[in-house]
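Residue numbers (full-length UniProt numbering): 1 to 386.
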């Protein structure tokens, strides 16, 4: 996993989770406590409500991403940039300042004016955006989006999100964002939930991950909460996101989110990452063959080799009970021939199976035509391993 340097702030696996607080200079933004027109008031908010509460990064938005509003042009965003620039000049605290935009002209003007980082909510739909970020050597968060400057984040299917993040490539300092939330009418709560379930897959890019899940509807709906009462569900999801490999959490609730992120980091499974005798060593965070496949895709290896390795990458363990002696013995014998470990005791009707997706597929084939009972069980196991 690459560690990204954002104006001196290190972002990666071996770093603490980074908190991105939010400031809006757009009157139409829905979260009013973060909206300011006065640079002095905005600076005070940044110092007191964001930096003092633990924000490492301050993300400044020039317009609302709400799909109900018309998209601003680059010129209209530039007209609002002066307020943002005056604000960061007046901030006394220390933070990395990120400009949220979709236009390379705005990003360049912001960087020249003192911003340290770019948050591109259209995922390099403007092909000059990565060029500007590389030229100025700044970190850039790249949000999954169709290649359309007027439709940010309207990607629904998780596989399509993965492909969208490949649009116009990645810089060495790219942080990937799978884009949670209602950016379009087509994106559903179920789409967001599936993306969260599969969050580890985005580690396959080898780049840090940013998530923006604060008080989002796909979390609120689980507990039946409205936005005002959704802090608890956001914090629970924050811990889970960090445990699953997220590195930057974008939020309006800085202090609480920081605490939740630290808990997620503390109880994450340790991943070995060090250099031994000049050789880089990194343990990949893989819990499903699909996650392994994302990592292997980076190597550009033969597709068949990749599929085989991915299918053998994760061991799944199942306990079966209620087996009659004949079925039990047939299962044990077949397991020995296909590479599934089968642990049992002669006087017990239970067995424990330990195997990979590939070995369970072979077990299913080996038991085809046997009693319908055990065939159905191993077929169910095979499907669970996909």
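Even glycine gets a Cβ: it sits at the ideal position worked out from N, Cα and C.
What are the residues that DSSP puts in a beta bridge with residue i?
i: residue 344; result: 351
i: residue 142; result: 120, 176
i: residue 387; result: Beyond the ends of the chain as shown, which are 1 and 386, falls residue 387; an answer cannot be given.
i: residue 318; result: 353
i: residue 20; result: 57, 250
i: residue 211; result: 249
i: residue 15; result: DSSP lists no partner for residue 15.
i: residue 366; result: In DSSP, residue 366 forms no bridge with anything.
i: residue 35; result: 24
Relative to the C-alpha of residue i, which candidate in the options has its C-alpha closest?
i: residue 383; options: 330, 359, 370; result: 359
i: residue 37; options: 18, 61, 52; result: 61
i: residue 175; options: 185, 202, 114; result: 202
i: residue 341; options: 326, 347, 357; result: 357
i: residue 73; options: 221, 142, 148; result: 148
i: residue 334; options: 363, 304, 302; result: 363
i: residue 255; options: 272, 231, 167, 71; result: 231
i: residue 180; options: 156, 207, 163, 21; result: 156
i: residue 354; options: 320, 368, 376; result: 320
i: residue 98; options: 6, 169, 17; result: 6
i: residue 120; options: 88, 178, 75, 86; result: 178
i: residue 88; options: 101, 47, 102; result: 47
i: residue 307; options: 316, 315, 297; result: 297
i: residue 95; options: 109, 114, 276, 378; result: 114
i: residue 289; options: 125, 198, 220, 213; result: 198
i: residue 209; options: 352, 134, 170; result: 170
i: residue 204; options: 39, 159, 86, 343; result: 159
i: residue 338; options: 366, 347, 259; result: 366
i: residue 25; options: 42, 11, 322; result: 42
i: residue 375; options: 348, 331, 108, 283; result: 331
i: residue 377; options: 323, 343, 144, 348; result: 323
i: residue 194; options: 214, 161, 226; result: 161
i: residue 11; options: 91, 164, 242; result: 242
i: residue 329; options: 140, 268, 348; result: 348
i: residue 75; options: 282, 239, 123, 105; result: 105
i: residue 261; options: 317, 212, 373; result: 212
If you reduce the DSSP assignment to three classes, tell me which class residue i lands in.
i: residue 78; result: helix
i: residue 177; result: strand
i: residue 259; result: helix
i: residue 286; result: coil
i: residue 97; result: strand
i: residue 233; result: helix
i: residue 192; result: helix
i: residue 132; result: helix
i: residue 275; result: strand
i: residue 165; result: coil
i: residue 4; result: strand
i: residue 280; result: strand
i: residue 25; result: coil
i: residue 9; result: strand
i: residue 103; result: coil
i: residue 296; result: helix
i: residue 187; result: coil
i: residue 216; result: coil
i: residue 312; result: coil
i: residue 150; result: coil
i: residue 70; result: coil
i: residue 398; result: There is simply no residue 398 to check, as the chain begins at 1 and stops at 386 in what is shown.
i: residue 244; result: coil
Would you kindly work out how many angstroms separate the C-alpha atoms of residue i and residue j, rounded to a whole number?
i: residue 233; j: residue 370; result: 47 Å
i: residue 54; j: residue 245; result: 20 Å
i: residue 189; j: residue 217; result: 7 Å
i: residue 235; j: residue 295; result: 28 Å
i: residue 409; j: residue 2; result: Because the chain is modelled from 1 through 386, residue 409 falls outside the range shown and cannot be assessed.
i: residue 77; j: residue 103; result: 9 Å
i: residue 326; j: residue 386; result: 29 Å
i: residue 301; j: residue 293; result: 11 Å
i: residue 247; j: residue 206; result: 12 Å
i: residue 71; j: residue 110; result: 19 Å
i: residue 138; j: residue 304; result: 38 Å
i: residue 18; j: residue 132; result: 24 Å
i: residue 152; j: residue 186; result: 12 Å
i: residue 273; j: residue 9; result: 19 Å
i: residue 125; j: residue 249; result: 23 Å
i: residue 23; j: residue 351; result: 57 Å
i: residue 258; j: residue 141; result: 19 Å
i: residue 287; j: residue 112; result: 43 Å
i: residue 264; j: residue 238; result: 7 Å
i: residue 81; j: residue 91; result: 16 Å
Closer than 7 Å to a non-hydrogen atom of the ligand HEM - does that hold for the CB of residue i?
i: residue 260; result: Judged by which ligands are present, the structure shown has none, so any question about the ligand HEM falls away.
Quick one: is residue i near chain C, going by C-beta distance under 8 Å?
i: residue 24; result: Given the protein chain composition of this structure (a single chain), no chain C is represented.
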